[in-house]
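Reading through the C-alpha coordinates given below for one structure.
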Amino acid sequence: MVQLHVKRGDESLFLFNTTVDTPLETLIQQITAIYNGRLKVERLCSEIPELADHGISLPPNMQGLTEEQIEELNLRDEWGEKCIPSGGSVFRKDEIGRRNGQAPNDKMKEVLMRTVEAATALISKKQVQANVCVTVEMIKEALDQLRGAVMIVYPMGLPPHDPIRMELEDKEDLSETQASLQVITDDECQLWWAAKEMQRGKKLQDYIGRNEKTKLVVKIQKKLEEADDDRYLDSEWSDRQALKRQFQGLTNIKWGPR
(Lines of atoms letter the chains of each structure in order from A and count residues from 1; the text may use other names and numbers.)
(Lines give C-alpha, C1' and ligand atoms only; values in the text may rest on other atoms or scores of the structure.)
Protein backbone atom coordinates (compact mmCIF):
# COMPACT_ATOMS: atom_id res chain seq x y z
CA MET A 1 0.00 0.00 0.00
CA VAL A 2 1.09 3.56 -0.71
CA GLN A 3 0.87 5.78 2.35
CA LEU A 4 -0.05 9.42 1.81
CA HIS A 5 0.58 12.05 4.46
CA VAL A 6 -2.11 14.62 3.69
CA LYS A 7 -1.48 18.26 4.55
CA ARG A 8 -3.14 21.59 3.85
CA GLY A 9 -0.48 24.24 3.66
CA ASP A 10 1.97 23.30 6.40
CA GLU A 11 -0.74 21.79 8.59
CA SER A 12 -0.54 18.02 9.02
CA LEU A 13 -4.01 16.43 8.74
CA PHE A 14 -4.08 12.65 8.36
CA LEU A 15 -2.54 9.54 6.81
CA PHE A 16 -4.28 7.64 4.02
CA ASN A 17 -3.55 4.29 2.38
CA THR A 18 -4.04 3.74 -1.34
CA THR A 19 -2.52 1.84 -4.30
CA VAL A 20 -0.43 2.97 -7.25
CA ASP A 21 -3.10 2.02 -9.79
CA THR A 22 -5.75 4.23 -8.15
CA PRO A 23 -7.13 6.84 -10.61
CA LEU A 24 -6.44 10.36 -9.39
CA GLU A 25 -10.14 11.18 -9.77
CA THR A 26 -11.01 8.44 -7.27
CA LEU A 27 -8.15 9.34 -4.94
CA ILE A 28 -9.17 13.00 -4.83
CA GLN A 29 -12.77 12.04 -4.06
CA GLN A 30 -11.66 9.75 -1.22
CA ILE A 31 -9.32 12.30 0.33
CA THR A 32 -11.88 15.09 -0.03
CA ALA A 33 -14.52 12.94 1.69
CA ILE A 34 -12.22 12.30 4.65
CA TYR A 35 -11.06 15.92 4.77
CA ASN A 36 -14.61 17.30 4.85
CA GLY A 37 -15.77 14.50 7.14
CA ARG A 38 -13.14 15.45 9.71
CA LEU A 39 -14.32 19.04 9.55
CA LYS A 40 -17.92 17.93 10.20
CA VAL A 41 -16.84 15.86 13.21
CA GLU A 42 -14.85 18.82 14.52
CA ARG A 43 -17.83 21.16 14.15
CA LEU A 44 -20.06 18.72 16.01
CA CYS A 45 -17.48 18.20 18.75
CA SER A 46 -17.35 21.97 19.16
CA GLU A 47 -21.15 22.40 19.33
CA ILE A 48 -22.18 19.38 21.44
CA PRO A 49 -20.49 20.71 24.63
CA GLU A 50 -22.74 23.76 24.25
CA LEU A 51 -25.73 21.40 24.13
CA ALA A 52 -24.42 19.65 27.24
CA ASP A 53 -23.99 22.96 29.08
CA HIS A 54 -27.03 24.94 27.95
CA GLY A 55 -29.59 22.68 26.28
CA ILE A 56 -31.17 22.92 22.85
CA SER A 57 -30.85 25.82 20.43
CA LEU A 58 -33.46 28.56 20.63
CA PRO A 59 -35.45 29.41 17.47
CA PRO A 60 -33.50 31.89 15.31
CA ASN A 61 -35.98 34.70 16.04
CA MET A 62 -35.35 34.35 19.80
CA GLN A 63 -31.57 34.06 19.82
CA GLY A 64 -29.72 36.93 21.45
CA LEU A 65 -32.86 38.48 22.95
CA THR A 66 -33.32 39.22 26.64
CA GLU A 67 -36.16 37.65 28.63
CA GLU A 68 -37.88 41.02 28.65
CA GLN A 69 -37.67 41.31 24.85
CA ILE A 70 -39.00 37.79 24.39
CA GLU A 71 -41.92 38.55 26.66
CA GLU A 72 -42.59 41.90 25.00
CA LEU A 73 -42.62 40.31 21.54
CA ASN A 74 -44.76 37.44 22.84
CA LEU A 75 -42.36 34.82 21.49
CA ARG A 76 -42.59 31.18 22.53
CA ASP A 77 -40.16 28.30 22.13
CA GLU A 78 -42.48 25.40 21.37
CA TRP A 79 -39.52 23.06 20.83
CA GLY A 80 -38.34 23.63 24.37
CA GLU A 81 -41.48 21.87 25.58
CA LYS A 82 -40.92 18.87 23.31
CA CYS A 83 -37.16 18.33 23.38
CA ILE A 84 -36.55 17.50 27.03
CA PRO A 85 -33.36 15.62 27.96
CA SER A 86 -33.55 12.15 29.51
CA GLY A 87 -33.81 12.34 33.29
CA GLY A 88 -35.02 15.92 33.22
CA SER A 89 -33.20 19.20 32.81
CA VAL A 90 -31.00 21.44 34.93
CA PHE A 91 -31.13 25.18 34.32
CA ARG A 92 -27.81 26.63 33.15
CA LYS A 93 -28.31 29.99 31.49
CA ASP A 94 -26.65 30.62 28.17
CA GLU A 95 -25.20 34.12 28.56
CA ILE A 96 -25.01 34.69 24.80
CA GLY A 97 -28.63 33.64 24.30
CA ARG A 98 -28.22 30.91 21.69
CA ARG A 99 -29.58 28.01 23.75
CA ASN A 100 -32.55 27.72 26.08
CA GLY A 101 -30.64 26.96 29.31
CA GLN A 102 -32.50 23.67 29.99
CA ALA A 103 -29.37 21.52 30.11
CA PRO A 104 -29.11 17.74 30.59
CA ASN A 105 -28.37 16.49 34.09
CA ASP A 106 -24.78 15.60 35.01
CA LYS A 107 -25.16 11.94 34.05
CA MET A 108 -26.45 12.74 30.57
CA LYS A 109 -23.88 15.51 30.17
CA GLU A 110 -21.19 12.93 30.83
CA VAL A 111 -22.59 10.72 28.05
CA LEU A 112 -22.24 13.58 25.58
CA MET A 113 -18.78 14.66 26.70
CA ARG A 114 -17.37 11.12 26.76
CA THR A 115 -18.61 10.58 23.22
CA VAL A 116 -17.12 13.88 22.03
CA GLU A 117 -13.78 12.78 23.45
CA ALA A 118 -13.97 9.40 21.67
CA ALA A 119 -15.00 10.92 18.33
CA THR A 120 -12.27 13.55 18.55
CA ALA A 121 -9.66 10.84 19.14
CA LEU A 122 -10.75 8.97 15.99
CA ILE A 123 -10.03 11.91 13.69
CA SER A 124 -7.25 13.54 15.71
CA LYS A 125 -4.04 14.71 14.06
CA LYS A 126 -2.31 12.59 16.69
CA GLN A 127 -3.21 9.61 14.51
CA VAL A 128 -0.38 10.72 12.21
CA GLN A 129 2.14 10.38 15.04
CA ALA A 130 0.67 6.98 15.88
CA ASN A 131 0.97 5.95 12.20
CA VAL A 132 -2.78 5.27 12.01
CA CYS A 133 -4.40 5.85 8.63
CA VAL A 134 -7.83 7.49 8.66
CA THR A 135 -10.60 5.92 6.57
CA VAL A 136 -14.09 6.93 5.47
CA GLU A 137 -15.35 4.21 7.81
CA MET A 138 -13.65 5.89 10.77
CA ILE A 139 -15.35 9.18 9.91
CA LYS A 140 -18.70 7.36 9.73
CA GLU A 141 -18.00 5.68 13.07
CA ALA A 142 -17.26 9.04 14.73
CA LEU A 143 -20.48 10.54 13.33
CA ASP A 144 -22.50 7.49 14.38
CA GLN A 145 -21.11 7.73 17.92
CA LEU A 146 -22.10 11.39 18.16
CA ARG A 147 -25.54 10.73 16.67
CA GLY A 148 -26.12 7.88 19.11
CA ALA A 149 -25.14 9.94 22.15
CA VAL A 150 -27.46 12.77 21.14
CA MET A 151 -30.31 10.27 20.70
CA ILE A 152 -29.67 8.79 24.15
CA VAL A 153 -29.81 12.20 25.82
CA TYR A 154 -32.58 13.59 23.61
CA PRO A 155 -34.79 10.62 22.61
CA MET A 156 -37.42 13.04 21.24
CA GLY A 157 -34.78 14.54 18.98
CA LEU A 158 -33.48 18.09 18.59
CA PRO A 159 -35.27 21.05 17.00
CA PRO A 160 -34.86 21.24 13.20
CA HIS A 161 -33.01 24.56 13.60
CA ASP A 162 -30.45 23.19 16.07
CA PRO A 163 -27.00 23.24 14.36
CA ILE A 164 -26.24 19.76 15.71
CA ARG A 165 -29.30 18.23 14.08
CA MET A 166 -28.59 20.14 10.88
CA GLU A 167 -25.03 18.77 10.79
CA LEU A 168 -26.18 15.19 11.44
CA GLU A 169 -28.78 15.49 8.64
CA ASP A 170 -26.31 17.16 6.25
CA LYS A 171 -28.44 20.30 6.17
CA GLU A 172 -25.91 22.64 7.76
CA ASP A 173 -25.67 26.17 6.38
CA LEU A 174 -22.07 27.34 6.56
CA SER A 175 -22.49 30.37 4.33
CA GLU A 176 -20.80 33.52 5.63
CA THR A 177 -18.98 31.56 8.33
CA GLN A 178 -15.30 30.89 8.88
CA ALA A 179 -16.05 27.17 8.60
CA SER A 180 -17.16 27.61 4.98
CA LEU A 181 -13.64 28.70 4.03
CA GLN A 182 -12.26 25.35 5.18
CA VAL A 183 -14.60 23.09 3.19
CA ILE A 184 -13.34 21.88 -0.21
CA THR A 185 -15.71 20.29 -2.72
CA ASP A 186 -14.72 17.51 -5.13
CA ASP A 187 -14.81 19.87 -8.09
CA GLU A 188 -12.54 22.51 -6.59
CA CYS A 189 -10.09 20.11 -4.91
CA GLN A 190 -6.52 19.77 -6.12
CA LEU A 191 -3.86 17.34 -4.94
CA TRP A 192 -0.22 18.44 -5.11
CA TRP A 193 2.99 16.45 -4.72
CA ALA A 194 6.56 17.62 -5.17
CA ALA A 195 5.33 21.11 -6.13
CA LYS A 196 3.26 19.68 -9.00
CA GLU A 197 -0.49 19.26 -9.33
CA MET A 198 -1.51 15.63 -9.74
CA GLN A 199 -3.83 15.74 -12.72
CA ARG A 200 -7.20 14.04 -12.90
CA GLY A 201 -7.37 11.47 -15.66
CA LYS A 202 -4.06 9.96 -14.61
CA LYS A 203 -3.20 7.31 -12.05
CA LEU A 204 -0.98 7.62 -9.00
CA GLN A 205 1.62 5.38 -10.68
CA ASP A 206 2.06 8.00 -13.42
CA TYR A 207 3.75 10.15 -10.79
CA ILE A 208 5.46 7.77 -8.38
CA GLY A 209 5.96 4.54 -10.33
CA ARG A 210 4.75 1.10 -9.32
CA ASN A 211 6.38 0.77 -5.88
CA GLU A 212 3.51 0.00 -3.48
CA LYS A 213 5.71 0.69 -0.44
CA THR A 214 6.07 4.39 -1.22
CA LYS A 215 5.39 7.06 1.39
CA LEU A 216 4.81 10.63 0.26
CA VAL A 217 3.51 13.97 1.50
CA VAL A 218 0.65 15.42 -0.57
CA LYS A 219 -1.13 18.73 -0.16
CA ILE A 220 -4.83 19.33 -0.62
CA GLN A 221 -6.05 22.75 -1.72
CA LYS A 222 -8.80 24.58 -3.55
CA LYS A 223 -8.35 25.50 -7.20
CA LEU A 224 -8.95 29.13 -6.34
CA GLU A 225 -6.28 29.28 -3.65
CA GLU A 226 -3.44 29.45 -6.14
CA ALA A 227 -5.28 32.06 -8.19
CA ASP A 228 -5.98 34.09 -5.07
CA ASP A 229 -2.26 34.21 -4.32
CA ASP A 230 -1.59 36.01 -7.61
CA ARG A 231 -4.75 38.07 -7.85
CA TYR A 232 -3.06 41.08 -6.30
CA LEU A 233 -0.87 41.39 -9.41
CA ASP A 234 -3.89 42.68 -11.31
CA SER A 235 -4.67 45.29 -8.66
CA GLU A 236 -3.90 48.95 -9.23
CA TRP A 237 -1.95 49.19 -5.99
CA SER A 238 0.45 46.51 -7.21
CA ASP A 239 1.44 48.59 -10.26
CA ARG A 240 4.83 50.03 -9.32
CA GLN A 241 4.47 52.76 -11.94
CA ALA A 242 1.03 53.91 -10.74
CA LEU A 243 2.34 56.12 -7.94
CA LYS A 244 4.92 57.68 -10.28
CA ARG A 245 2.23 58.47 -12.87
CA GLN A 246 0.07 60.11 -10.20
CA PHE A 247 2.87 62.47 -9.23
CA GLN A 248 3.46 63.30 -12.89
CA GLY A 249 -0.25 63.93 -13.52
CA LEU A 250 -0.45 61.11 -16.01
CA THR A 251 -3.47 59.24 -14.59
CA ASN A 252 -6.99 59.24 -16.05
CA ILE A 253 -5.77 60.68 -19.38
CA LYS A 254 -8.09 60.22 -22.35
CA TRP A 255 -6.66 60.28 -25.85
CA GLY A 256 -8.48 61.58 -28.92
CA PRO A 257 -10.74 64.54 -29.69
CA ARG A 258 -13.02 65.91 -26.99
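For my numbering, add 3 to where a residue sits in the sequence shown, where the first one is 1.
The C-beta atom is built at its ideal place from N, Cα and C for all residues, glycine as well.
Residues that residue i bridges to, as DSSP identifies them
i	result
Val-23	Val-23 pairs with nothing; no bridge assigned.
Ile-223	Leu-194
Lys-206	Pro-26
Ser-49	DSSP output for Ser-49 lists no bridge partner at all.
Glu-14	Arg-11
Pair within 7 Å by beta-carbon distance, residue i and residue j
i	j	result
Gly-67	Gly-100	yes
Gln-208	Glu-200	no
Lys-226	Trp-195	no
Met-159	Lys-218	no
Asp-189	Thr-35	yes
Val-114	Ala-152	yes
Val-119	Ile-167	no
Val-137	Ile-73	no
Arg-213	Val-23	yes
Leu-27	Lys-205	yes
Inter-residue CB distance, residue i and residue j (contact presumed, cutoff 8 Å)
i	j	result
Val-139	Gln-33	7 Å
Asn-108	Gly-91	6 Å
Asp-165	Ala-106	Actually they are not in contact, since the Cβ atoms of Asp-165 and Ala-106 sit about 14 Å apart, beyond 8 Å.
Leu-18	Gln-130	7 Å
Glu-215	Met-4	6 Å
Best match in the options for proximity to residue i [C-alpha to C-alpha]
i	options	result
Pro-63	Ile-31, Leu-47, Arg-102 and Pro-26	Arg-102
Lys-143	Ala-122, Cys-136 and Met-111	Ala-122
Ile-126	Leu-16, Ala-106 and Lys-216	Leu-16
Arg-117	Gln-105, Val-93, Leu-149 and Ser-89	Leu-149
Ile-187	Glu-74, Arg-41 and Leu-171	Arg-41
Leu-47	Glu-98, Ile-211, Val-23 and Leu-177	Leu-177
Leu-146	Met-4, Asn-39 and Lys-112	Asn-39
His-8	Glu-175, Lys-43, Lys-206 and Ala-133	Ala-133
Tyr-157	Met-111, Lys-205 and Asp-97	Met-111
Met-65	Ile-211, Trp-82 and Val-135	Trp-82
Gly-12	Lys-96, Ala-124, Ala-198 and Lys-206	Ala-198
At which residue ranges does the segment 87 to 137 contain complete alpha helix (DSSP H) runs of 4 or more residues, listed in the order of the chain?
The segment 87 to 137 contains, as complete alpha helix (DSSP H) runs of 4+ residues, the segments 109 to 126 and 129 to 132 (chain order).
Ranges of the alpha helix (DSSP H) found wholly within the segment 140 to 199, counting only runs of at least 4
Correct list: 166 to 171.
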